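Enquirer: Quick one: the structure is below, questions incoming.
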Amino acid sequence: MNIFKQFYLSLFSPKDIAKFRFQGIGKTILYVFFLTLISLLPSFIYFGKSISEGLESSLSTLQSDFPNFEIKDGTLHTDTNKTIENRKNDFTLFLDGTGTMTEQDVANQSSNGFALLKTQFVMVAQGSIQTYPYSMLDTLIISKDDIENFLISMKSMLFIFLPVIGLTTYVFNVGIEFIEISFLAFIGLLFKNSMGRNITYRHLWRLVAYSVTLPTVFFTVMAFLKTNVVGGFMLNWFVTFVILILSIREIPKPKQRNIQQ
1 MNIFKQFYLS LFSPKDIAKF RFQGIGKTIL YVFFLTLISL LPSFIYFGKS ISEGLESSLS
61 TLQSDFPNFE IKDGTLHTDT NKTIENRKND FTLFLDGTGT MTEQDVANQS SNGFALLKTQ
121 FVMVAQGSIQ TYPYSMLDTL IISKDDIENF LISMKSMLFI FLPVIGLTTY VFNVGIEFIE
181 ISFLAFIGLL FKNSMGRNIT YRHLWRLVAY SVTLPTVFFT VMAFLKTNVV GGFMLNWFVT
241 FVILILSIRE IPKPKQRNIQ Q
């Protein structure tokens, strides 16, 4: 049975999931890689789009709307004494040489954007905040023209930068998925004992790998819709355990031997 048919059956058929316990571990590992890739598709798409649009918007705005500035001795120096905000295509740029704006202010006002603050550079992508203090530059002096040239270089390097970030994220999440499946399979030992099924840990590991299919697809769809699911972690485990229990129930109980006195 190919991996796509297994994926389809794992969405609704505990009986078929129970049959998968006998297949080779290599095919199950391949399925975990496949399922992790599906779960990361929304992140890959939105992150790539956000970075691409952000660079384009940032470059255009920097060239036309921002005054001259310079980062020197760990501090931003500008030709204006007010905070400048420019919003384009769901991406916001801030320039604040007054020292009144903080990284949290940037995150509160934009889910995607970057800001040049008094003492640090702040980048926000899908609500995640990254800060870089100017003190890291040591004695280096950076001007508006330098940043424009940097953005142009970054734009031309996206075809390398995005795949590297994507591959790193993918490998990391595959590792997390393996750890989660191993842990859930360990807990599954309690269920199989109480249900009187004669299956081993390696069987349970395979069952869990396929039992996570439905919640994975659900959260992937929610991510595409940009919808936050309250209590997502607990819901994920709850649905996985329900499907796992139903799959274990599909496994025949061992036959009882009659003991003659």
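Numbering of the sequence shown is given in this note's numbering, commencing with residue 1 and proceeding in unit increments.
We put the beta carbon where it would ideally sit given N, CA and C, even for glycine.
Quantities reported herein were computed from a predicted structural model and do not represent experimental measurements.
Entirely within the stretch 14-52 and at least 4 residues each: give me those alpha helix (DSSP H) ranges in chain order.
Expert: With a minimum length of 4 residues, the continuous alpha helix (DSSP H) runs that stay inside the stretch 14-52 are 14-19.
Enquirer: Taking the straight line between their C-alpha atoms, what separation do you get for Phe241 and Ser211?
Expert: Here the question's residue 241 lines up with position 241 in the sequence shown. Here the question's residue 211 lines up with position 211 in the sequence shown. C-alpha separation (whole angstroms): 8 Å.
Enquirer: What residue from Leu41, Gln120, Leu189 has the CA that sits closest to Asp138's CA?
Expert: Residue numbering aside, residue 138 sits at position 138 when the sequence shown is read from its first letter. Minimum Cα distance to Asp138 is reached at Gln120.
Enquirer: At which residues does the beta strand (DSSP E) containing Tyr170 begin and terminate?
Expert: Along the sequence shown, one-based indexing puts residue 170 at 170. It is not in any beta strand (DSSP E) - Tyr170 instead sits in the alpha helix (DSSP H) that spans 158-194.
Enquirer: Just verifying my parser: in three-state terms, what is the DSSP assignment at Gln6?
Expert: For the purposes of this step, residue 6 is taken as the residue at position 6 of the sequence shown. In the structure shown, Gln6 sits in a helix (DSSP, three-state: H, G or I).
Enquirer: Take Phe186 as the anchor and find which of Asp79, Leu244, Thr78, Met123 has the nearest alpha-carbon.
Expert: Within the sequence shown, numbered from 1, the residue matching residue 186 stands at position 186. Among Asp79, Leu244, Thr78, Met123, the Cα nearest to that of Phe186 belongs to Leu244.
Enquirer: Would Leu59 pass as a contact of Ile152 if the rule is Cβ separation under 8 Å?
Expert: As a first step, residue 59 is located in the sequence shown; it is residue number 59 there, counting from the start. As a first step, residue 152 is located in the sequence shown; it is residue number 152 there, counting from the start. A contact, by the Cβ cut-off of 8 Å.
Enquirer: Name the residue from Ile199, Gly48, Ala18, Asp16 whose alpha carbon lies nearest to the alpha carbon of Lys155.
Expert: Looking up residue 155 in the sequence shown gives position 155. Comparing Cα positions, the closest option is Gly48.
Enquirer: Going along the chain, which unbroken runs of the alpha helix (DSSP H) with 4 or more residues stay wholly within the stretch 66-96?
Expert: Here no run is fully enclosed.
Enquirer: When you compare the stretch 163-170 with the stretch 70-77, are there three or more beta-carbon pairs, one atom per stretch, that lie closer than 8 Å?
Expert: Segments in contact, no.
Enquirer: Mapping the DSSP letters down to three states, classify Met1 as helix, strand or coil.
Expert: Indexing the sequence shown from 1 puts residue 1 at position 1. In this structure, Met1 counts as coil in the three-state DSSP scheme.
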